[in-house]
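Engineer:
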Amino acid sequence: MNGENSPLSKFVNRLDALIPEELLADSDTHYRARTLVGMLISYSVIASMIAIILIATIPFDSYLFKLGAGLTLLVAFTFVVILYFIKRCGKLILHTNITVATFYAIVVFSVWIAGGPITSPSTILMSVPPILALCLLDRKYSIAWCLLCASTLIALLVLEVYFQYSFLSMMDSEYQNITRSLSLVAGFTAIVVMALINDSMSRHYKSERDAQHRYIEHMANHDALTGLVNRSKFDHELETLMQEYDRRCNPAAIVLFYIDLNGFKRVNDQYGHAAGDHLLQVLSQRLAGNLRDSDIIGRLGGDEFALVSPTIRHKSDITTICNKLLELLKTPVDFRGQILQVSGSIGVATAELGIAPDQLKHFADEAMYHAKREKLGWHYAERQATASSIA
């Protein structure tokens, strides 16, 4: 995958250590689990930092010190506990709702003991639980949390404004500005962290998904053993080249080479299929390593290969290519101390204007079997021997 060694990828992949196996199977669940774990870690750190700030700036005998520092440390501890139970039990939806409920309970409690929704610096934090739910839960739960938080805020306002309810005021007036500032910073930071983590996870998830799609596409178009394009992809590329050939005015010709191994069955029978597979892999690497940029080679199946070259101008080029291919095929291959050796038979056919891809493949196939039968090494298609457009 591109960027798999980036800091973001390393961080995201390390989050998987805190996620149970059951949550890794489904990609959507995996994405949500990573996001939740990342947020819990971040919020634990943020809560701990706020507690440190309170401890450093407010006297020990202050109510704000006792409530603020104690509450934020409790929040950090709660998030760590949730992380533990996620790893142990899974149950992503349950623990996500517990996380949102923790935020909700803390905000309501803070508003209640700090003078009510109008004066409490914690009122702004009521926006955090629904945003968190929207990031982590499906629509049903998200709507439920949005309605609950909105209803709670309205109910608190009605109590204070309409019924003149006197909420507790346990916050020291001299530290009210500090508390309000910390609440604003905490609310802003919580929302920004949610947005950043959600965006980072989305980007990482998209990168993983794109890489997976590329892998699937590659596997669909390539032979698993040799890495060469498979028959389906080769036929598609050949058809595309021939369509372009019919439209262009170019003296170069499209030449198709069908290649069959001689003696491959003997290698399989004598040394086993592992030796046969190794031989195919080595020969495929040799063939692929001696191509021109415009050439395409594929494995048609078994011990049959095909090569298409769209830039050949002279018949002497065909002779050179065939001799080179035959030399590559007959060069011995070492397998666990055993010497494996085969030879090749090649059939050659040239694309003419108006010829169909299936016809071209038929001509090359016939030529290849003729070369194999007559032990010629390579053979040019009989029907094209006098009609070729290349000199």
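Residue numbers (my numbering): 6 to 396. Where is the CB? At the ideal position from N, CA and C, for every residue including glycine.
Kindly list the residues whose CB is nearer than 6 Å to the CB of Leu164, restricted to its own chain and excluding five residues on each side of it in sequence; keep chain order.
Structural biologist: Excluding positions up to five away in sequence, the list reads Tyr170.
Engineer: By DSSP, does Phe172 sit in helix, in strand, or in coil?
Structural biologist: Judged by DSSP in its simplified three-state form, Phe172 adopts coil rather than helix or strand.
Engineer: Under 8 Å between the Cβ atoms of Phe239 and Ala149?
Structural biologist: no
Engineer: Whole-angstrom Cβ separation of Val166 and Pro134, contact assumed at under 8 Å?
Structural biologist: So it is not a contact: roughly 23 Å between Cβ atoms.
Engineer: Out of Thr101, Phe168 and Gly277, which has the shortest C-alpha to C-alpha gap to Ser147?
Structural biologist: Thr101
Engineer: Tell me which same chain residues have a C-beta within less than 6 Å of the C-beta of Ala74, skipping the five on either side of it?
Structural biologist: Ala56, Leu59 and Ile60
Engineer: Counting pairs of Cβ atoms below 8 Å between the stretch 22-33 and the stretch 88-99, do you hit three or more?
Structural biologist: Yes, the stretch 22-33 touches the stretch 88-99.
Engineer: Output yes or no for whether 8 Å exceeds the beta carbon distance between Ile202 and Ser47.
Structural biologist: yes
Engineer: Is DSSP giving Glu357 helix, strand or coil here?
Structural biologist: coil
Engineer: Three-state secondary structure (DSSP) at Asp298?
Structural biologist: coil
Engineer: Which ranges does the beta strand (DSSP E) cover as unbroken runs of at least 3 residues, wholly within the stretch 190-240, from first to last along the chain?
Structural biologist: none
Engineer: Helix, strand or coil for Gly306 per DSSP?
Structural biologist: strand
Engineer: In this structure, what does DSSP give as the bridge partners for Trp351?
Structural biologist: The amino acid at residue 351 is misidentified as Trp; the sequence shows Ile. DSSP lists Ile264 and Trp383 as partners of Ile351.
Engineer: Label Thr324 either buried or exposed according to how many other C-beta atoms from any shown protein chain fall within 10 Å of its C-beta, with 16 as the threshold for buried.
Structural biologist: exposed
Engineer: Look up Val313 in the DSSP assignment and give the residues it is bridged to.
Structural biologist: The partner list for Val313 (beta bridge, DSSP) reads Leu261 and Ile301.
Engineer: For Thr83, which residues in the same chain have their Cβ closer than 7 Å to its Cβ, ignoring the five residues on either side in sequence?
Structural biologist: Counting only Cβ-Cβ distances below 7 Å, and skipping sequence neighbours, we find Thr107.
Engineer: Cα separation between Met6 and Met206?
Structural biologist: Model confidence at Met6 stands at a pLDDT of 45, short of 50, so the residue's coordinates are unreliable and nothing is read from them.
Engineer: Is Leu261 near Leu365, with beta carbons less than 8 Å apart?
Structural biologist: yes
Engineer: Provide the residue span of the beta strand (DSSP E) that contains Ile344, from first to last.
Structural biologist: Per DSSP, Ile344 belongs to the beta strand (DSSP E) from Gln343 to Leu345.
Engineer: Taking Lys329 as the reference, which of His223, Ile351 and Pro315 has the closest Cα?
Structural biologist: Ile351
Engineer: Using the three-state DSSP reduction, which class does Asp282 fall into: helix, strand or coil?
Structural biologist: helix
Engineer: Express the C-alpha separation of Glu244 and Leu288 in angstroms, rounding to a whole number.
Structural biologist: 25 Å
Engineer: What number of angstroms, rounded off, separates the C-alpha of Val105 from the C-alpha of Leu137?
Structural biologist: 7 Å
Engineer: For the pair the stretch 362-379 and the stretch 270-281, tell me if three or more CB-CB distances fall below 8 Å.
Structural biologist: No, because fewer than three Cβ pairs between the stretch 362-379 and the stretch 270-281 fall closer than 8 Å, the two stretches do not touch.
Engineer: Do Ala293 and Ile302 count as a contact pair if the criterion is CB distance below 8 Å?
Structural biologist: yes
Engineer: Here's the rule I'm using: 16 or more other beta-carbon atoms within 10 Å means buried, otherwise exposed. How should His223 be labelled?
Structural biologist: exposed
Engineer: To the nearest angstrom, report how far apart Ala160 and Leu76 are at their CA atoms.
Structural biologist: Approximately 24 Å, taken between the alpha carbons.
Engineer: Compare the Cα-Cα distances from Leu246 to each of Ser314, Ala229, Asn267 and Gly43 and report the closest residue.
Structural biologist: Distance check between Leu246 and each of Ser314, Ala229, Asn267 and Gly43 places Ser314 closest, using alpha-carbon atoms only.
Engineer: Is the separation between the beta-carbon of Ser49 and that of Val17 shorter than 8 Å?
Structural biologist: no
Engineer: Can you tell me whether Asp339 is helix, strand or coil according to DSSP?
Structural biologist: strand
Engineer: Apart from the five residues just before and just after Ser81, which ones in its own chain have a Cβ nearer than 6 Å to its Cβ?
Structural biologist: The residue asked about is misnamed: residue 81 is Ala in this sequence, not Ser. The answer, listed in chain order, is Ser49, Ala52 and Ser53.
Engineer: Using the three-state DSSP reduction, which class does Ala390 fall into: helix, strand or coil?
Structural biologist: Because the pLDDT of Ala390 is 48, which lies under 50, any placement of that residue in the model is unreliable, and the number read from its coordinates should be weighed accordingly. Coil.
Engineer: So, helix, strand or coil for Ala119, using DSSP?
Structural biologist: strand
Engineer: Per DSSP, what kind of secondary structure is Tyr89 in: helix, strand or coil?
Structural biologist: helix
Engineer: Count the other C-beta atoms from every protein chain shown that fall within 10 angstroms of the C-beta of Thr62, then say buried if there are 16 or more, exposed otherwise.
Structural biologist: exposed
Engineer: Check the C-beta distance from Ser132 over to Ser115 and give it rounded, since I have them as a contact under 8 Å.
Structural biologist: With 8 Å as the limit, Ser132 and Ser115 do not qualify as a contact, their Cβ atoms being about 14 Å apart.
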